[in-house]
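Q: I have a structure I would like to understand better, so I am pasting it below and will then ask my questions one at a time.
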């Protein structure tokens with residue numbers, strides 16, 4: 483019997499758009515979800531090869547008591563695009579390999595790979611379909627302020643590092659407008675029914 487190809491559906495959305503909320507809705511439909519950012523963090527902690535490469539790139543201070551020193555890393559890479567690119571060049575391939583072995587163990591029609599920067603780094607090209615979660619900027623800013631207990635200027639700073647929805651929409655196969663949870667749930671169901679065919 484020929485093994486059925488599992489479709490890969492990329493799920494993304496700018497900060498505060500609610501992509502995690504949407505991912506949870508797909509979980510309720512028993513769709514396996516791979517959260518790339520969480521897995522990247524795990525690999526940076528647990529994969530010896532990844533760890534050694536990060537230390538070689540950013541120095542011993544990249545880890546504190548064997549834990550990733552986030553503040554230190556964020557401080558140096560966010561102001562240095564070249565360093566950020568080099569860090570991503572270590573982490574992204576490791577995540578891509580990890581995702582493939584995870585995907586091959588799944589038995590569903592499709593899996594969802596949730597990633598914050600799916601379009602920005604060209605990751606969408608490796609997906610069969612892509613879903614973009616959107617919400618008006620004002621709503622997104624307020625969600626992040628509440629969630630991260632941060633300030634509006636800090637959220638705007640983070641928004642600047644991401645593509646605008648207008649750049650992502652043409653690349654997405656499905657767009658979910660996430661302002662009303664009931665309507666979002668209807669959109670998720672509709673997409674799910676198309677994807678299981």
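Residue numbers (this note's numbering): 483 to 679. Heads up, the beta-carbon is just placed ideally off N, CA and C, and yes, glycines get one too.
1) Report the three-state DSSP secondary structure of residue 758 (helix, strand or coil).
2) With DSSP run on the structure shown, which of helix, strand or coil describes residue 605?
3) Could you spell out where the beta strand (DSSP E) holding residue 560 opens and where it closes?
4) My assumption, with CB atoms under 8 Å, is that residue 572 sits in contact with residue 565. Please give the rounded CB distance.
5) At least one CB of chain D closer than 9 Å to the CB of residue 522: is that the case?
6) Which of helix, strand or coil does DSSP assign to residue 658?
7) Out of 641, 671, 576, 627, which has the shortest C-alpha to C-alpha gap to residue 532?
8) Tell me whether residue 497 sits in a helix, a strand or coil according to DSSP, three-state version.
9) In terms of DSSP beta bridges, what is residue 492 paired with?
10) Quick one: Cα of residue 536 to Cα of residue 549, how far?
11) What is the residue span of the beta strand (DSSP E) that residue 515 lies within?
12) At what residues does the alpha helix (DSSP H) containing residue 635 begin and finish?
13) Got a sec? Which residues, its chain only, sit under 7 Å from residue 645 by beta carbon, not counting five neighbours each side?
14) Report the option in 489, 497, 490, 487 whose CA atom is closest to the CA atom of residue 599.
15) Per DSSP, which one or two residues make a beta bridge with residue 668?
16) Going by the DSSP bridge assignment, what does residue 546 pair with across the sheet?
17) Find out if the Cβ-Cβ distance for the pair residue 677, residue 586 is shorter than 9 Å.
18) Assess contact between the region 647-657 and the region 610-629, defined as three or more Cβ pairs (one per stretch) separated by less than 8 Å. Is contact present?
19) So which of 562, 578, 621, 534 has the shortest CA-CA distance to residue 609?
A: Quick answer:
1) The structure shown does not extend to residue 758, since the chain is modelled only from 483 to 679, so the question has no answer here.
2) helix
3) Here residue 560 belongs to no beta strand (DSSP E), and DSSP marks it neither H nor E.
4) Not confirmed; about 11 Å, so no contact.
5) The displayed structure is made up of one protein chain only, and chain D is not part of it.
6) strand
7) Cα-wise, what sits closest to residue 532 is 576.
8) coil
9) According to DSSP, residue 492 bridges with 595, 612.
10) 12 Å
11) 515-517
12) 634-642
13) 601, 602
14) 497
15) Answer by DSSP bridge pairing: none, since residue 668 is not bridged.
16) 549
17) In this structure, residue 586 does not lie closer than 9 Å to residue 677 by Cβ.
18) Yes: at least three Cβ pairs fall under 8 Å.
19) When each option's Cα is compared against that of residue 609, the closest is 578.
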